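Engineer: First to last, the sequence lines map onto chains A and B. Position one of the first sequence corresponds to residue 161 (the numbering used here), numbered consecutively onward. Position one of the second sequence corresponds to residue 9 (the numbering used here), numbered consecutively onward. Quick reminder that beta carbons are idealized off the backbone N, C-alpha and C, glycines included. These figures come from a predicted structure and were not determined experimentally.
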Amino acid sequence: MSSTAGVIPVDEGERAVAALRPAALVPVDTWRWVRITLMTTYLAVYLWWLRTKGLPIDRISVAIALGIFLVCAFVGKPGRQWAILVGDVVLYAVMWFSYEMTRGAADHLGMPLQVESVRNLDRWLFLGHDPTVALQDRYWTPKVQWYDQVASFTYYTHFVFPIIVMAVLWATSHRQWARFMKRFATLLGVACVMFVLLPTVPPWMASSRKFPYRIVPPLERQTYRGFYDLGFKGFVKSWQSALDWGNTVAAMPSLHASFALIVPAFFLPWIRPRWAKALVLCFPVVMLVSLVYLAEHWVVDGLVGWAIVGSSFWFWNRAEARQRTRRATRARDGVAMLA
Amino acid sequence: MSLDPPTVLLDRTFLAALLDPEDVNHLRAREAYLRLVDEYEANRLLLAATSDDLHHVPDAQRRGALAPVFTLHVAGQHRRAAAKAAEGVPDDLAVPVVLVARERIRRIATFDARWSAFDVDLVSTELPPDTGPDNGLDQLSN
Numbered sequence: 161m162s163s164t165a166g167v168i169p170v171d172e173g174e175r176a177v178a179a180l181r182p183a184a185l186v187p188v189d190t191w192r193w194v195r196i197t198l199m200t201t202y203l204a205v206y207l208w209w210l211r212t213k214g215l216p217i218d219r220i221s222v223a224i225a226l227g228i229f230l231v232c233a234f235v236g237k238p239g240r241q242w243a244i245l246v247g248d249v250v251l252y253a254v255m256w257f258s259y260e261m262t263r264g265a266a267d268h269l270g271m272p273l274q275v276e277s278v279r280n281l282d283r284w285l286f287l288g289h290d291p292t293v294a295l296q297d298r299y300w301t302p303k304v305q306w307y308d309q310v311a312s313f314t315y316y317t318h319f320v321f322p323i324i325v326m327a328v329l330w331a332t333s334h335r336q337w338a339r340f341m342k343r344f345a346t347l348l349g350v351a352c353v354m355f356v357l358l359p360t361v362p363p364w365m366a367s368s369r370k371f372p373y374r375i376v377p378p379l380e381r382q383t384y385r386g387f388y389d390l391g392f393k394g395f396v397k398s399w400q401s402a403l404d405w406g407n408t409v410a411a412m413p414s415l416h417a418s419f420a421l422i423v424p425a426f427f428l429p430w431i432r433p434r435w436a437k438a439l440v441l442c443f444p445v446v447m448l449v450s451l452v453y454l455a456e457h458w459v460v461d462g463l464v465g466w467a468i469v470g471s472s473f474w475f476w477n478r479a480e481a482r483q484r485t486r487r488a489t490r491a492r493d494g495v496a497m498l499a
Numbered sequence: 009m010s011l012d013p014p015t016v017l018l019d020r021t022f023l024a025a026l027l028d029p030e031d032v033n034h035l036r037a038r039e040a041y042l043r044l045v046d047e048y049e050a051n052r053l054l055l056a057a058t059s060d061d062l063h064h065v066p067d068a069q070r071r072g073a074l075a076p077v078f079t080l081h082v083a084g085q086h087r088r089a090a091a092k093a094a095e096g097v098p099d100d101l102a103v104p105v106v107l108v109a110r111e112r113i114r115r116i117a118t119f120d121a122r123w124s125a126f127d128v129d130l131v132s133t134e135l136p137p138d139t140g141p142d143n144g145l146d147q148l149s150n
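In structure tokens:
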């Protein structure tokens, strides 16, 4: 090939690599296979632990499980990626700690407890009926039914589903992990504000004879029984730390319903067939129905949670588009200045 | 399947042509880059360049003309892999070839004809019909 100004010529000796894939020309990344092996082993151990000791539920046990996975997923990666991972983990830990501290303190800050208001909204939506009462009247039996297993199992996915998604995104695409975490952290932040401003009595508490409210007939709260009937159990270790704090009146919004929506909503753009989109969106609906049947939440708790998820996506989608536009504008202006 | 939009690698010859108005390929680089920026803004692709190639780019241009371009950091393991690349891979292309392989990059913006020998798509640097005087260069790809 003759040399032409501005074009680097190809030597005859270099034609031997014509049409070869770059991946075939460079050494195999052996660390990638090490990571795949470690992550596969981790998955096997996790499933064994799930079956023998139970599903990790408390925050610290989940964090430890996630930390071990991340080590497996990042073994052999460049130091810079490890440094970014450490920074991400710190932010992640701060997020959860802030959430737990706020959630734990929310019911002591003196805001008026919502007892009947949310229940009344449910009754307005359902033409004067209490959905939880109606579902349990119709379907609850002392013997565990298949739908008890579905409801209970669905309930417990809350403790693993979003974490698994975070872990997978962390391992595969930092860009997508960051996008997911922005939306997730926004959801947690808004939820904490609402826990403070609107502490809300959940249905089981509103019906329980242990509390003075008793605004609905007695309800069954045996969230675990379907899960246990399937041979699973929860693994909860008390670490005697702030991360053990609970808040029984943090019903509004329902993070169970929110988490169940945020994951399919995030992946919706990559799901092509409409029927598949509809299918994955059935999951948050099944979760909300389960929560109501199990007396864990009012319907409105879930609807508000979904609205927060939708708002979070709306906000961050616009913010990211604006960021792309700003950078593109700077690029065009910068190129124009070069002329 | 990657969740990210496909990445286009801007190699050193392309960056040099884009950032130097005196370069014979500057006009082609500019037109091709502006088309890529449009696609970036529409979230249809990502733009990348290696840390080696961006090292000498002035900050003003890095934050200005190259604002949408993210850095592909070259690590020690990439350099070690480049040193063991197959015979026939030019030394100065070995590191980019390693990154293209490891990051699964399929498109490259370049004025280096050697890339046409690899199984990658080259970004068209053909000028639109109504653009000013051509430099009379052979096209690398369509």
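Which term fits His64 (chain B), buried or exposed, when burial requires 16 or more other beta carbons within 10 angstroms of its beta carbon?
Structural biologist: Working through the second sequence from its first residue, we reach residue 64 (chain B) at position 56. The residue in question, His64 (chain B), is exposed, as its Cβ has fewer than 16 Cβ neighbours within 10 Å.
Engineer: Looking at C-alpha atoms only, which residue of A:Ile323, A:Ala496, A:Asn477 is the closest neighbour of Glu49 (chain B)?
Structural biologist: The residue you call residue 49 (chain B) lines up with position 41 of the second sequence. Comparing Cα-Cα distances from Glu49 (chain B) to each of A:Ile323, A:Ala496, A:Asn477, the minimum goes to A:Asn477.
Engineer: Please say whether Leu215 (chain A) and Phe319 (chain A) have beta carbons closer to each other than 8 Å?
Structural biologist: Residue 319 (chain A) sits at position 159 when you count from the first residue of the first sequence. Residue 215 (chain A) sits at position 55 when you count from the first residue of the first sequence. Yes, the pair counts as a contact, with Cβ atoms nearer than the cut-off.
Engineer: Verify whether the separation of the beta carbon atoms of Arg43 (chain B) and Leu135 (chain B) is less than 8 Å.
Structural biologist: Counting from 1 along the second sequence, the entry for residue 43 (chain B) is found at position 35. Counting from 1 along the second sequence, the entry for residue 135 (chain B) is found at position 127. No; because the gap between Cβ atoms is not below 8 Å, this pair is not in contact.
Engineer: Output the distance between the C-alpha atoms of Trp364 (chain A) and Gln296 (chain A), rounded to the nearest integer angstrom.
Structural biologist: Position 204 of the first sequence, counted from the first residue, corresponds to residue 364 (chain A). Position 136 of the first sequence, counted from the first residue, corresponds to residue 296 (chain A). For Trp364 (chain A) and Gln296 (chain A), the distance between alpha carbons rounds to 12 Å.
Engineer: Under 7 Å Cβ to Cβ from Trp256 (chain A), same chain only, skipping five residues before and after it: list those, please.
Structural biologist: By one-based count along the first sequence, residue 256 (chain A) stands at place 96. Excluding sequence neighbours, Trp256 (chain A) sits near Arg219.
Engineer: For Phe126 (chain B), does the three-state DSSP call read helix, strand or coil?
Structural biologist: If you number the second sequence from 1, residue 126 (chain B) lands on position 118. Strand at Phe126 (chain B).
Engineer: Quick check: the Cα distance between Asn143 (chain B) and Lys92 (chain B), rounded to an integer number of angstroms?
Structural biologist: By one-based count along the second sequence, residue 143 (chain B) stands at place 135. By one-based count along the second sequence, residue 92 (chain B) stands at place 84. At Asn143 (chain B) the pLDDT is 41, less than 50, meaning the model places this residue with poor confidence and gives no usable figure here.
Engineer: Looking at the structure shown, is Ala455 (chain A) part of a helix, part of a strand, or coil, going by DSSP?
Structural biologist: The residue given as residue 455 (chain A) occupies position 295 in the first sequence. DSSP places Ala455 (chain A) outside both helix and strand once states are collapsed to three, so it counts as coil.
Engineer: So, Ala104 (chain A) versus Val275 (chain A), is the Cβ gap smaller than 8 Å?
Structural biologist: An answer regarding residue 104 (chain A) cannot be provided, because it is not within the stretch 161 to 499 covered by chain A.
Engineer: Please name the residue, chosen from A:Arg381, A:Leu379, A:Leu463, A:Thr332, that lies closest to Ile196 (chain A) on a Cα-to-Cα basis.
Structural biologist: The count along the first sequence starts at 1 and reaches residue 196 (chain A) at position 36. Minimum Cα distance to Ile196 (chain A) is reached at A:Thr332.
Engineer: In angstroms with no decimal places, state the Cα-to-Cα distance between Ala499 (chain A) and Val45 (chain B).
Structural biologist: The residue you call residue 499 (chain A) lines up with position 339 of the first sequence. The residue you call residue 45 (chain B) lines up with position 37 of the second sequence. Near 17 Å, if we compare the C-alpha coordinates of Val45 (chain B) and Ala499 (chain A).
Engineer: Identify whether Ala491 (chain A) lies in helix, strand or coil by the three-state DSSP scheme.
Structural biologist: In the first sequence, counting from the first residue as 1, residue 491 (chain A) sits at position 331. Assigned with DSSP and collapsed to three states, Ala491 (chain A) falls in helix.
Engineer: Just verifying my parser: in three-state terms, what is the DSSP assignment at Ile468 (chain A)?
Structural biologist: Start at 1 with the first residue of the first sequence, and residue 468 (chain A) comes out as number 308. Reduced to three states, the DSSP call for Ile468 (chain A) is helix.
Engineer: So does the segment 248 to 263 of chain A actually touch the segment 384 to 392 of chain A, counting three or more Cβ pairs closer than 8 Å?
Structural biologist: Touching, no, given that fewer than three Cβ pairs across the two stretches are closer than 8 Å.
Engineer: Quick one, which of A:Val310, A:Val186, A:Gly270 has its alpha-carbon nearest Asp162 (chain B)'s?
Structural biologist: The structure shown does not extend to residue 162 (chain B), since chain B spans only 9 to 150, so no value can be given for it.
Engineer: Could you run through the segment 28 to 61 of chain B and flag, in chain order, every residue whose CB is less than 7 Å away from some CB of chain A?
Structural biologist: Pro29, Val32, Asn33, Arg38, Tyr41, Leu42, Val45, Tyr48, Glu49, Asn51
Engineer: Report the partner residues of Phe78 (chain B) according to the DSSP bridge assignment.
Structural biologist: Stepping through the second sequence from its first residue, residue 78 (chain B) is reached at position 70. Partner(s): B:Ala56.
Engineer: Just the Cα atoms here: how many angstroms apart are Ala204 (chain A) and Val231 (chain A)?
Structural biologist: Numbered from 1 along the first sequence, position 44 holds the residue referred to as residue 204 (chain A). Numbered from 1 along the first sequence, position 71 holds the residue referred to as residue 231 (chain A). Spanning the two alpha carbons is a distance of roughly 16 Å.
Engineer: Spell out whether any CB of chain A is found under 8 Å from the CB atom of Phe22 (chain B).
Structural biologist: Counting from 1 along the second sequence, the entry for residue 22 (chain B) is found at position 14. So no, Phe22 (chain B) is outside the interface.
Engineer: If you check the beta carbons only, do Leu285 (chain A) and Val459 (chain A) fall under 8 Å apart?
Structural biologist: Within the first sequence, residue 285 (chain A) is the residue found at index 125, counting from 1. Within the first sequence, residue 459 (chain A) is the residue found at index 299, counting from 1. Cβ distance < 8 Å, so Leu285 (chain A) and Val459 (chain A) count as in contact.
Engineer: Suppose you measure from the CA of Val131 (chain B) to the CA of Glu111 (chain B); what does that come to, to the nearest Å?
Structural biologist: Position 123 of the second sequence, counted from the start, is the residue given in the question as residue 131 (chain B). Position 103 of the second sequence, counted from the start, is the residue given in the question as residue 111 (chain B). Their Cα atoms are separated by approximately 18 Å.
Engineer: Of all Cβ atoms in chain A, is any one closer than 8 Å to the Cβ of Leu18 (chain B)?
Structural biologist: For this step, residue 18 (chain B) is matched to residue 10 along the second sequence. Judged by the 8 Å Cβ criterion, Leu18 (chain B) is not in contact with chain A.
Engineer: I'd like the span of the beta strand (DSSP E) that includes Leu287 (chain A), first residue to last.
Structural biologist: One-based indexing of the first sequence puts residue 287 (chain A) at position 127. Where Leu287 (chain A) is concerned, there is no enclosing beta strand (DSSP E), given that its DSSP letter is neither H nor E.
Engineer: Among A:Ala243, A:Leu421, A:Thr489, A:Ala488, whose alpha-carbon lies nearest the alpha-carbon of Ser472 (chain A)?
Structural biologist: Looking up residue 472 (chain A) in the first sequence gives position 312. Among A:Ala243, A:Leu421, A:Thr489, A:Ala488, the Cα nearest to that of Ser472 (chain A) is on A:Leu421.
Engineer: Since Val16 (chain B) sits in a beta bridge, which residues does DSSP pair it with?
Structural biologist: Along the second sequence, read from residue 1 onward, the residue named residue 16 (chain B) stands at position 8. DSSP output for Val16 (chain B) lists B:Leu55, B:Arg115 as bridge partner(s).
Engineer: Chain A partners of Asp12 (chain B), CB-CB under 7 Å?
Structural biologist: As a first step, residue 12 (chain B) must be located in the second sequence, where it is residue number 4. Near Asp12 (chain B) (Cβ distances below 7 Å), the residues of chain A are Ser333, Arg335, Gln336.
Engineer: If contact means a Cβ-Cβ distance below 9 Å, which residues of the segment 196 to 226 of chain A contact chain B?
Structural biologist: Listed in sequence order: no entries.
Engineer: In three-state DSSP terms, what is Gln483 (chain A)?
Structural biologist: Taking the first residue of the first sequence as 1, we reach residue 483 (chain A) at position 323. Residue state, collapsed to three classes: helix.
Engineer: Rounding to the nearest angstrom, what Cα-Cα distance links Val325 (chain A) and Pro238 (chain A) in this structure?
Structural biologist: Within the first sequence, residue 325 (chain A) is the residue found at index 165, counting from 1. Within the first sequence, residue 238 (chain A) is the residue found at index 78, counting from 1. When rounded, the distance between both Cα atoms is 23 Å.
Engineer: Looking at chain B, is there any beta carbon in it that lies within less than 8 Å of the beta carbon of Gly494 (chain A)?
Structural biologist: Here residue 494 (chain A) is taken as the residue at index 334 of the first sequence, counted from 1. Closer than 8 Å to some Cβ of chain B, the Cβ of Gly494 (chain A) qualifies, so yes.
Engineer: Starting from the C-beta of Thr346 (chain A), find all residues in its chain whose C-beta is less than 6 Å away, skip the five residues before and the five after it, and write them out in chain order.
Structural biologist: In the first sequence, residue 346 (chain A) corresponds to position 186, counting from 1. Only Ser472 meet the Cβ criterion.
Engineer: Could you list which residues in chain A have their beta carbon closer than 8 Å to that of Asp74 (chain B), in chain order?
Structural biologist: Along the second sequence, read from residue 1 onward, the residue named residue 74 (chain B) stands at position 66. The residue you asked about is not Asp; residue 74 (chain B) is Leu in the sequence shown. Those are Ala491, Gly494, listed as they occur along chain A.
Engineer: Do you know offhand how far Leu415 (chain A)'s Cα is from Trp209 (chain A)'s?
Structural biologist: Position 255 of the first sequence holds residue 415 (chain A). Position 49 of the first sequence holds residue 209 (chain A). Taking C-alpha positions only, Leu415 (chain A) is separated from Trp209 (chain A) by approximately 26 Å.
Engineer: Are Arg381 (chain A) and Leu273 (chain A) touching if we call contact CB-CB under 8 Å?
Structural biologist: Walking along the first sequence from the start, residue 381 (chain A) turns up at place 221. Walking along the first sequence from the start, residue 273 (chain A) turns up at place 113. In this structure, Leu273 (chain A) does not lie closer than 8 Å to Arg381 (chain A) by Cβ.
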